[in-house]
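One structure is given below, encoded as structure tokens.
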Amino acid sequence: MIMALDESITDLTVAFKVYLEYKKEYIKTFIVFLTGIIVLVFSGMLILRFVILDNYFQFDELIRSILMLIILLILCSIFFLLLSYARTTFGLTYDIMTSGELFTEFRRSITYFKRFWLYFVLLSLPYVLIIVLDQLFTIFILLELIQSTEDNRIFLVPIKIAVYLFDLMLYITLIEIFPSIIVVKKIRQCIIENMIILRQSLKRLFFSVGIYYLVFRGPMFIVEITRILMVTNETTFLFFNIIFAIFAFIYALIGLPILSLISTRIYNTTILKTKAEESESRG
Amino acid sequence: MFYEKPEDVDESLDIPPKKVITDPSVVPVLFHKKKQKILNLLLEKEFNIMELKQETNLNPGTIKRYLDDLVSKDLAFLTRKVQNEYGFFLKYYRATAKSFIIHIKWPSEV
């Protein structure tokens, strides 16, 4: 137990120090991601406003609904691609920690995106779906509560706690698929390697990812609970959503690279170390 | 710190005292000032990219490209890839010989 905790503290310390040393490349990747999200949100709003919801274009209802669906599908696909692009931090971390070259460049994130976008989309699905569905559900309920006279919002708190616990469990049990996919390039193989690490280093994963989760997702959880309890009108709704968005962007700017560094270090010191020792013993 | 050598790395890797270059395409690489600077260091002992960065003040991306050139022209080679205590893998490079002698006849068929 103590050994696992020591290893976890080293994982976190090394991750923070490496992030500080290579922050420029991670920040550039984040800026591309942020720009993409801003462009997506504004263009989405404009398209929906002018083409679908406005009466400027005279569509009948069926065509209007089909167009709305197509546009939403396109926007969702672009959103998934942008989230997939955010995962290229695992590629940059591979360059620094695993490739042997000890450095990376921002443009490598484009290379990793071209090479792994589909893998990142598929492997990120559990994480993305839980966040998107949870946020849509919360926003929908809060908007309903603002308009209704009854106030029974407290039921949302245990739901939120359950969602975050499930999310944490996903982080602990599946995070090693990302450093693995960059090395093995096969989904089946990376799931097998993830399971091997889970069996070998469950305590270390629990502490490293758990502490990481407390530091980076903890503040988001507090904002979420405050949002649930404090939103009374549209102004407070907007205010808490902006605060939540700020924490989400801090998570994407610092949290994701740190997560990639922690998980890659765990991957390197378990799977790759074993592979290196095996090939050495074979001569 | 992160690119510290593992303690068990043996630096006394022996390389031939000289190598004769007969391929004309190697000459511009050998006489490129910055590539020479890197090769000069690799004549002495093995280095990884970050150590070369400290010695030469060149950008690591540039060093990597120069190393790729040196390796492709057989002036340097990858000696080993080892893992240190921080979990980092490190690639080490060394020159293929302690000195290079250019022996080129032109035109070659005469």
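Sequence order for the protein chains is A and B.
The working numbering applies: residue 6 is where the first sequence begins, and numbers increase by one.
The working numbering applies: residue 1448 is where the second sequence begins, and numbers increase by one.
We treat Cβ as the ideally placed atom computed from N, Cα and C, and that holds for glycine.
Quantities reported herein were computed from a predicted structural model and do not represent experimental measurements.
Let me see if you follow: with CB-CB separation under 8 Å, is residue i close to chain B or not?
i: Val133 of chain A; result: no
i: Glu106 of chain A; result: yes
i: Glu110 of chain A; result: yes
i: Thr103 of chain A; result: yes
Quick check on residue i - is its C-beta less than 8 Å from some C-beta in chain A?
i: Tyr1540 of chain B; result: no
i: Leu1537 of chain B; result: yes
i: Gln1501 of chain B; result: no
i: Lys1511 of chain B; result: yes
i: Asn1496 of chain B; result: First, the residue type needs correcting, since residue 1496 of chain B is Ile and not Asn in the sequence shown. Answer yes: the Cβ-Cβ gap between Ile1496 of chain B and chain A drops below 8 Å somewhere.
i: Lys1528 of chain B; result: yes
i: Pro1554 of chain B; result: no
i: Pro1464 of chain B; result: no
i: Pro1475 of chain B; result: no
i: Pro1507 of chain B; result: yes
What are the residues that DSSP puts in a beta bridge with residue i?
i: Ile1549 of chain B; result: B:Ile1468
i: Val1529 of chain B; result: B:Leu1537
i: Ala1542 of chain B; result: B:Ala1523
i: Phe1494 of chain B; result: B:Tyr1540
May I ask whether a heavy atom of the ligand GTP can be found less than 7 Å away from the beta carbon of residue i?
i: Asn1504 of chain B; result: Although the ligand GTP was asked about, the structure shown includes no ligands whatsoever.
With three or more beta-carbon pairs closer than 8 Å as the criterion, would you say the region 43-54 of chain A touches the region 92-112 of chain A?
Contact annotation: the region 43-54 of chain A does not touch the region 92-112 of chain A, with fewer than three C-beta pairs closer than 8 Å.
Give the residues from the region 7-41 of chain A that approach chain B closer than 9 Å (Cβ to any Cβ), ordered along the chain. Within the region 7-41 of chain A, the residues whose Cβ lies closer than 9 Å to some Cβ of chain B are Thr15, Asp16, Val19, Lys22, Val23, Glu26, listed in chain order.
### Any 3 or more C-beta pairs closer than 8 Å across the region 133-142 of chain A and the region 1538-1556 of chain B
Here the region 133-142 of chain A does not lie against the region 1538-1556 of chain B, with fewer than 3 beta-carbon pairs under 8 Å apart.
Can you pull out the residues from the region 59-90 of chain A whose beta carbon lies closer than 9 Å to at least one beta carbon of chain B?
The region 59-90 of chain A vs chain B, Cβ under 9 Å: nothing.
**Asked** Hey, is the region 1461-1468 of chain B in contact with the region 70-84 of chain A, meaning 3+ C-beta pairs nearer than 8 Å?
**Response** Segments in contact, no.
_Short of 9 Å Cβ to Cβ, which residues in the region 268-286 of chain A face chain B?_
The residues in question are Thr269, Arg270, Ile271, Tyr272, Asn273, Thr274, Leu277, Lys278, Ala281.
Checklist entry - Any contact of the region 189-196 of chain A with the region 234-245 of chain A, i.e. 3+ C-beta pairs under 8 Å? => result As far as the Cβ criterion goes, the region 189-196 of chain A does not touch the region 234-245 of chain A, which means the pair count is below three.
Sufficient close CB pairs (3 or more, under 8 Å) joining the region 197-205 of chain A to the region 263-283 of chain A = A contact exists between the region 197-205 of chain A and the region 263-283 of chain A.
Touching by the beta-carbon criterion (3+ pairs, under 8 Å), the region 1499-1516 of chain B and the region 1476-1488 of chain B:
Counting C-beta pairs closer than 8 Å gives three or more between the region 1499-1516 of chain B and the region 1476-1488 of chain B, which meets the contact rule.
For the region 90-99 of chain A against the region 262-272 of chain A, do three or more pairs of beta-carbon atoms, one drawn from each stretch, fall closer than 8 Å, so that the two count as touching? Yes: the two stretches touch, three or more of their Cβ pairs being nearer than 8 Å.
Are at least three pairs of beta-carbons, each pair with one atom in the region 159-166 of chain A and one in the region 118-127 of chain A, less than 8 Å apart? In this structure the region 159-166 of chain A does not lie against the region 118-127 of chain A, because fewer than three pairs of beta carbons, one per stretch, are closer than 8 Å.
Could you tell me which whole beta strand (DSSP E) segments of length 3 or greater appear in the region 155-195 of chain A? Listed in chain order, there is nothing to give.
- Kindly provide the ranges of any alpha helix (DSSP H) runs that are 4 or more residues long and lie completely inside the region 68-132 of chain A, ordered along the chain. The alpha helix (DSSP H) runs lying completely inside the region 68-132 of chain A and spanning 4 residues or more are 94-102, given in chain order.
As an exercise, report each continuous alpha helix (DSSP H) stretch of at least 4 residues that is fully enclosed by the region 233-258 of chain A, in chain order. Counting whole runs of 4 or more residues, the region 233-258 of chain A contains the alpha helix (DSSP H) stretches 239-255.
Check your understanding: Between the region 244-257 of chain A and the region 1510-1529 of chain B, do three or more beta carbon pairs fall short of 8 Å?
Key -> Short answer: they don't touch.
* To do: Kindly confirm or deny that the region 15-31 of chain A and the region 267-276 of chain A touch, where touching means at least three C-beta pairs closer than 8 Å.
  => Segments in contact, yes.
- Message: Under 8 Å, with one C-beta from each stretch per pair, do the region 174-182 of chain A and the region 213-229 of chain A reach the 3-pair mark?
- Response: The region 174-182 of chain A is in contact with the region 213-229 of chain A.
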